[in-house]
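S.K.: Each residue of the sequence shown is one higher than the last, beginning at 6 in this note's numbering.
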Amino acid sequence: MTTAETVPVFRVADRLRLARTLTWLEAGDPRGLDQVGLGAQPARAHVVGVTGAPGTGKSTLTSSLVGLLRARRATVAVLAVDPSSPLSGGALLGDRLRMSDHLHDPGVYIRSVASRGQGGGLALVVPSAIRALDNYGFDWILVESVGVGQVELDIADHADTTVLVVCPGNGDEVQASKAGVIEVADVIAVNKADQGGAQGVADDYRIALDLSARSGWRVPIHCCSARDGRAVESVLDAIYGHARHSAATGQLEHRRATRRRVLLREAVKTLSAERAYARLLRDEPGVVQDVARGVIDPLTAARLFVSATEPTSTDTTARR
6 MTTAETVPVF RVADRLRLAR TLTWLEAGDP RGLDQVGLGA QPARAHVVGV
56 TGAPGTGKST LTSSLVGLLR ARRATVAVLA VDPSSPLSGG ALLGDRLRMS
106 DHLHDPGVYI RSVASRGQGG GLALVVPSAI RALDNYGFDW ILVESVGVGQ
156 VELDIADHAD TTVLVVCPGN GDEVQASKAG VIEVADVIAV NKADQGGAQG
206 VADDYRIALD LSARSGWRVP IHCCSARDGR AVESVLDAIY GHARHSAATG
256 QLEHRRATRR RVLLREAVKT LSAERAYARL LRDEPGVVQD VARGVIDPLT
306 AARLFVSATE PTSTDTTARR
């Protein structure tokens, strides 16, 4: 994690290349992975996952954090995970409207990706996009989830620091505990404190955390109001605190090493699947037609094809 002394002015061509790379990654186009690989280097940006139930004000808080980071002269990328089709545009429009103050800032980049698309979910698209943004040179990358189901937990798998956003009157206390989101939170922000009841929510979460089996890092809980900016800086300070703690204890490198292994696994799975399907279309067009007509079950056809194309022990020995 670095803080820029001056604000870098990125070339328009660089921005266009970055946008094209992210589009390829989201579409499952191998050219996206090629572009990410061309700029492979050790992680420099600190990745913050912002998650929580719908309606807790995640986008507003993210926008406030961006403003504070820019005040500290850091460059920021925001990756908003959209659960809908990439063609719907719904969440993308909302995120951009709420972050309109930053749209013309050369030190900020905002992008939405679909959580369910050709790439098979978060497994490959998000870590690849994070790597692309890191290669580009941002100091901070904020990954905001939509707060729907498994995506909440998935975000934590890709973050150096995970911020759980909750608010009064949203039923988050029970919901978060059941979903397991509280187990992955490194910082908890009780948003919408201007509406009252925030301290009670904070107390409930402190009790829940005290009953959990976590050790090493005491999760800070801060009441804030992203709408008027009240106490948001305390949330950012807590994020900085966790970044320092995780770096000093080796937890940061452990998380990043795990992410690199996961990215390797998912890239191999994706590329292998693409090549296998291309072979199926080329070598067994009759099987594809039988599946389309309902003559053979798709899963059965897939198992038979994979079994037939797996290398035998003799083939493996011969290659050694």
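Beta carbons: idealized from backbone N, C-alpha and C, even for Gly.
1) If you draw a straight line from the alpha carbon of residue 276 to that of residue 36, how long is it in whole angstroms?
2) Could you give the first and the last residue of the continuous beta strand (DSSP E) run that contains residue 186?
3) Between the Cα of residue 114 and those of 141, 131 and 192, spot the shortest distance and give me the residue it belongs to.
4) Cα separation between residue 87 and residue 104?
5) In the DSSP assignment, what are the bridge partners of residue 227?
6) Is the CB-CB distance between residue 227 and residue 52 below 8 Å?
7) If we require 3 or more residues per run, which beta strand (DSSP E) segments fall completely within the region 215-296?
8) Can you give the Cα-Cα distance for residue 48 and residue 117, rounded to whole angstroms?
9) Closest to residue 29 by C-alpha separation, out of 119, 110, 72 and 75, would be which residue?
10) Is residue 23 buried or exposed, if buried means 16 or more other CB atoms sit within 10 Å of its CB?
11) Need the endpoints of the alpha helix (DSSP H) that residue 307 sits in, please.
12) Does the region 188-203 come close enough to the region 221-238 that 3 or more CB-CB pairs lie under 8 Å?
13) Under three-state DSSP, which class holds residue 87?
14) Is it right to say residue 40 is buried, meaning 16 or more other beta carbons lie within 10 angstroms of its own, or is it exposed?
15) How many Å lie between residue 171 and residue 109 at the Cα?
16) Need the endpoints of the alpha helix (DSSP H) that residue 72 sits in, please.
17) Quick one: Cα of residue 25 to Cα of residue 231, how far?
18) Just to confirm, is the Cβ distance from residue 61 to residue 83 under 8 Å?
19) Note down the Cα distance separating residue 186 from residue 42, rounded to an integer number of angstroms.
20) Grab me the residues of residue 314's own chain with a C-beta within less than 8 Å of its C-beta, minus the 5 sequence neighbours each way, in chain order.
21) Over what stretch of residues does the beta strand (DSSP E) that includes residue 54 continue unbroken?
22) In angstroms, rounded to a whole number, what distance separates the CA positions of residue 56 and residue 85?
23) What's the C-alpha gap between residue 64 and residue 70?
24) For residue 206 versus residue 161, is the C-beta spacing smaller than 8 Å?
25) Is residue 80 buried or exposed, if buried means 16 or more other CB atoms sit within 10 Å of its CB?
26) State the DSSP-derived secondary structure class of residue 169, mapped to helix, strand or coil.
27) Looking only at its chain, what residues have a beta carbon closer than 7 Å to the beta carbon of residue 289, apart from the 5 residues adjacent to it on each side?
28) Per DSSP, what are the beta-bridge partners of residue 29 in this structure?
29) So which of 58, 132 and 73 has the shortest CA-CA distance to residue 265?
30) Apart from the five residues on each side of it in sequence, which residues of its chain come closer than 8 Å, Cβ to Cβ, to residue 166?
M.R.: Walking through what the data contain:
1) If you take the alpha carbons of residue 276 and residue 36, they lie about 11 Å apart.
2) Run containing residue 186: none; DSSP gives neither H nor E here.
3) Residue 141 holds the alpha-carbon nearest to the alpha-carbon of residue 114 among 141, 131 and 192.
4) Taking the Cα positions, residue 87 is about 15 Å away from residue 104.
5) For residue 227, which the question treats as bridged, DSSP gives the partners 194.
6) No. Outside cutoff.
7) Those beta strand (DSSP E) runs which fall completely within the region 215-296 and span 3+ residues are 226-228.
8) Residue 48 and residue 117: Cα-Cα distance of roughly 21 Å.
9) Of 119, 110, 72 and 75, the smallest CA-CA separation from residue 29 is found for 119.
10) Classification of residue 23: buried, given that the 10 Å Cβ count is 16 or more.
11) Counting along the chain, the alpha helix (DSSP H) containing residue 307 begins and ends at 303-314.
12) They touch, by the three-pair rule.
13) Correct three-state label for residue 87: strand.
14) Result: buried.
15) Using only the alpha carbons, I get a separation of about 29 Å.
16) Here the alpha helix (DSSP H) through residue 72 covers 63-76.
17) C-alpha of residue 25 to C-alpha of residue 231: approximately 32 Å in a straight line.
18) No, Cβ-Cβ distance for residue 61 and residue 83 is not below 8 Å.
19) The C-alpha of residue 42 is placed about 32 Å away from the C-alpha of residue 186.
20) So the qualifying residues of the chain are 281 and 284.
21) Here the beta strand (DSSP E) through residue 54 covers 51-56.
22) Looking at the backbone, the Cα of residue 56 and that of residue 85 are separated by about 10 Å.
23) In this structure, the alpha-carbon of residue 64 lies about 10 Å from that of residue 70.
24) If you check the CB distance, residue 206 and residue 161 do not come in under 8 Å.
25) Within a 10 Å sphere around the beta-carbon of residue 80 sit 16 or more other beta-carbons, which makes this residue buried.
26) Residue 169 falls in the strand class under three-state DSSP.
27) Only 310 meet the Cβ criterion.
28) Residue 29 is bridged by DSSP to nothing; it lacks a bridge partner.
29) Proximity to residue 265 across 58, 132 and 73 peaks at 132, based on C-alpha coordinates.
30) If we look at residue 166 and ignore the five residues flanking it on each side, its Cβ neighbours are 51, 52, 53, 54, 191, 192, 244, 247, 248 and 251.
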